[in-house]
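With mature numbering (1 follows the signal peptide of the UniProt record, and there is no 0) as the guide, the letters of the sequence shown map in order to residues -23 to -1, 1 to 552.
Every residue, glycine too, gets a C-beta built ideally from N, C-alpha and C.
Fair warning: this is a prediction, and the values are worked out from it, not measured in the lab.
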Amino acid sequence: MRRTLTLLLAALVLPATPLPAAADSDTPPAAAISSAHPAATRAGMTVLEQGGNAFDAAVAVSAALAVVEPQGSGLGGGGFWLLHEADSGRDIMVDGREKAPNAASRDMYLDDSGEFIEDASRDGALAAGIPGEPAALVHMASKYGALDLATSLAPAIRLAREGFPVGEHMHRLAEYRRDVLARYPASAALILDDDDQPLPVGTTLRQPDLARTLEILAREGRAGFYDGDVARRLVEAVQSAGGIWTRQDLADYEVVEREPIRGRYKTPQGRYEIVSAGPPSSGGPVLVEALNIIEGFDWAGLDDVQRRHITIEAMRRAYRDRAVYLGDPDFVDMPIARLTDKRYAAGLRVGIRRDRATRSNELARVTADHANGRHTTHFSVIDAEGNRVAATLSVNFPFGSGMVAAGTGVFLNDEMDDFAAKPLTPNGYGLVSSEANAIAPGKRPLSSMTPTFVVGDDRTLALGTPGGSRIISMVLLGVLDFTHGGDAESVVSTPRYHHQYLPDAVEYETGALSADTIDGLEALGHRLKRVDRRYGDMHAVIWDRVDDRVDAAADPRGIGCAAIGQESPVCASAD
């Protein structure tokens, strides 16, 4: 799985980070990409070979994933792109998260009795927010790329036109969403056969409408999606299916550049800076808060059961604060500085007992009136200049809302389900949130996507994963593995377990916990629930500045590929 490339050390400089450093290498010896699909990794490497940088590669990979993983991301969705500019040392979060239409209202998914109508926020046109991915691709290409947008989109256009074979994962998720897909003629024509069954594995899937949409985007830029014929078709399709989009909603959409969340984490192996996505992502704040709690324990002195116990308790408390405080920063004030402060973590740490599990209802109660899986995708990129990208993209549920806008090839997202349709009512991933994440016109729903950089004295990591509410806990475990010496293969392969405050249970993937560890955790009072399948699809690239090598790996749970320089890509084969 792992690919490592070692070249002669050429220079001695300090890394672009405030951390004291023992680093030796000025720039990486090679570029590297790890993404969730072989065709997407190839698209990114092709653009790099044409003289593009990591940001051009990010555009190419994002667009290719929109073609080959319509169940996980696409032009009808959004995401967060975490960028690092090598020349300036800047870290930038490109927020391409979807927004609620201007006609959206706080109680739009409640019935006359005030009860949540689950399907309304998950299936069909009313579930779709205004997409952000096309605007984000244009923004990155024009502001940070070295190539024109058309060059970076060309591989995706070819993929859409010429097609690719349907894999087992897509087939399985199409079966899961078959009833919804069958409701919409354009969706059924694309993903189902004449009997409304998912296309068989191995079928060549061609998407000529999506190819045309990408060609218009390449030629006309932002206006090619948010104005003109594509915008007209999108709005007509949504409104004819009971949705509330308008042309003005599309015209109003704007990408936002935000400051990432930052934290520090120290281990016997070294000191690390954490750079991660901030609100409307909950990922960065929850990740840093959990690491701050864990840092106060003697990790080396803990056995396996105690390490997992402490990590679970940190997850419980950080996810609890997610439910209370976090939302769209353009709409709500959040105590981010306090949540990510080590003194705050020290106070939370006092409540963790080594001899028993905390019950979530023993923590300060989350109130509804507080004032303030692989159904997504991720890729990581580093280029030979040291620019890097960690990006997590989504349409939310598999195939989003299940609806393709006729004539566009675009699957519409169902990200409206990520709002608190009714405070403290679980969404599709079982997460609860409060008034801070209530629906409002033009607001971005809270997300769990957690693209992250970890910058150490001698090594730098870019990682992330899909996985719904489990994203943050997966990234947390990956960061813990890396900061205690793990390589790229170890980071993406590490066994996974998860706690999200409510429901009060520890989920763990098949094979993640030994029988002795399960017995030990249950003896402490943890309620454990095994997940039948292994979950997540993490992608990591590491630059080791002392040994002057690049390491990259794709999660063995998926079918993705990691490629380094001119070396042959190494791909997983979970399908």
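Taking Ala397 as the reference, which of Ala13, Trp58, Met85 and Gly21 has the closest Cα?
-> Selected option, being the one with the closest Cα: Met85.
Residue burial classification, Val381 (beta-carbon count within 10 angstroms, cutoff 16) | Classification for Val381: buried.
Helix, strand or coil for Arg510 per DSSP?
-> Coil at Arg510, not helix or strand.
In chain order, which alpha helix (DSSP H) runs of at least 4 residues are fully inside the segment 173 to 197?
-> Fully contained in the segment 173 to 197 are the following alpha helix (DSSP H) runs of length 4 or more, in chain order: 185 to 197.
Entirely within the segment 93 to 138 and at least 3 residues each: give me those beta strand (DSSP E) ranges in chain order.
-> Here no run is fully enclosed.
Classification of Arg74 by the beta-carbon crowding that lies within 10 angstroms, buried from 16 upward = Buried.
For Met380, does the three-state DSSP call read helix, strand or coil?
-> In the structure shown, Met380 sits in coil (DSSP, three-state: anything other than H, G, I, E or B).
Return the first residue and the last residue of the beta strand (DSSP E) that Glu392 is part of.
-> Premise fails: Glu392 is in no beta strand (DSSP E) and is neither H nor E.
Could you check how far apart the C-beta atoms of residue 603 and Thr223 are, in whole angstroms? I think they sit under 8 Å.
-> Lying outside -23 to 552, the shown extent of the chain, residue 603 is not represented and no answer is given.
Between Gly219 and the rest of its own chain, which residues show a CB-CB distance below 7 Å, the 5 nearest in sequence each way excluded?
-> If we look at Gly219 and ignore the five residues flanking it on each side, its Cβ neighbours are Gly101, Ala102 and Leu103.
Boundaries of the alpha helix (DSSP H) in which His146 is found, first to last residue = Per DSSP, His146 is one residue of the alpha helix (DSSP H) stretching across Glu145 to Tyr153.
When DSSP labels each residue in this structure, what does Gly73 get in the three-state scheme?
-> In this structure, Gly73 counts as strand in the three-state DSSP scheme.
In its own chain, which residues sit with a C-beta less than 8 Å from the C-beta of Gln338, not counting the 5 before and 5 after it?
-> Looking at the sequence itself, residue 338 is Asn, so the reference to Gln does not match. Once the five neighbours on either side are set aside, the close Cβ partners of Asn338 are Asp481.
Under the rule that 16 or more other beta-carbon atoms within 10 Å means buried, what is Glu499, buried or exposed?
-> Label assigned to Glu499: exposed.
DSSP state of Ser450 mapped onto helix, strand, coil | Ser450 falls in the helix class under three-state DSSP.
Beta-carbon proximity of Ala9 to Ile359, cut-off 7 Å | It is a contact, given that the beta carbons lie within the stated cut-off.
Reference Asp395; option with closest CA among Thr437, Leu60, Thr442 and Ser258 = With distances taken between Cα atoms, Asp395 lies closest to Ser258.
Residues sharing a beta bridge with Arg239, DSSP = Beta-bridge partners of Arg239 (DSSP): Val252.
Is the beta carbon of Pro237 less than 7 Å from the beta carbon of Asp68?
-> Their beta carbons are under 7 Å apart, which means Pro237 touches Asp68 by this criterion.
Just grab the DSSP bridge partners of Gly56 for me.
-> Gly73 and Leu370.
From Asn364 to Ala37, what distance separates their C-alpha atoms?
-> One Cα belongs to Asn364, the other to Ala37, and the distance between them is close to 15 Å.
For the 8 Å Cβ check, are there 3 or more pairs between the segment 78 to 95 and the segment 149 to 164?
-> Verdict: no, contact absent.
Between the Cα of Glu290 and the Cα atoms of Thr335, Asp172, Met22 and Ala322, which residue gives the shortest distance?
-> The shortest Cα separation from Glu290 among Thr335, Asp172, Met22 and Ala322 belongs to Thr335.
Contact between the segment 248 to 263 and the segment 430 to 449: three or more CB pairs below 8 Å?
-> Yes: the two stretches touch, three or more of their Cβ pairs being nearer than 8 Å.
Output yes or no for whether 7 Å exceeds the beta carbon distance between Arg83 and Ile416.
-> Yes; because the gap between Cβ atoms is below 7 Å, this pair is in contact.
Leaving aside the five residues before and after Arg351 along the sequence, list all residues of the same chain whose C-beta is less than 6 Å from its C-beta, in chain order.
-> Bear in mind that a pLDDT of 46 at Arg351, under 50, signals an unreliable position, so the model cannot answer this.
DSSP state of Arg436, grouped into three classes?
-> In the three-state reduction of the DSSP assignment, Arg436 falls in the strand class.
Assign Ser550 to buried or exposed, taking buried as 16 or more other Cβ atoms, counted over all protein chains shown, within 10 Å of its Cβ.
-> Ser550 should be labelled exposed.
Rounded to a whole number of angstroms, what is the C-alpha to C-alpha distance between Ala165 and Phe32?
-> Ala165 and Phe32 have their C-alpha atoms some 34 Å from each other.
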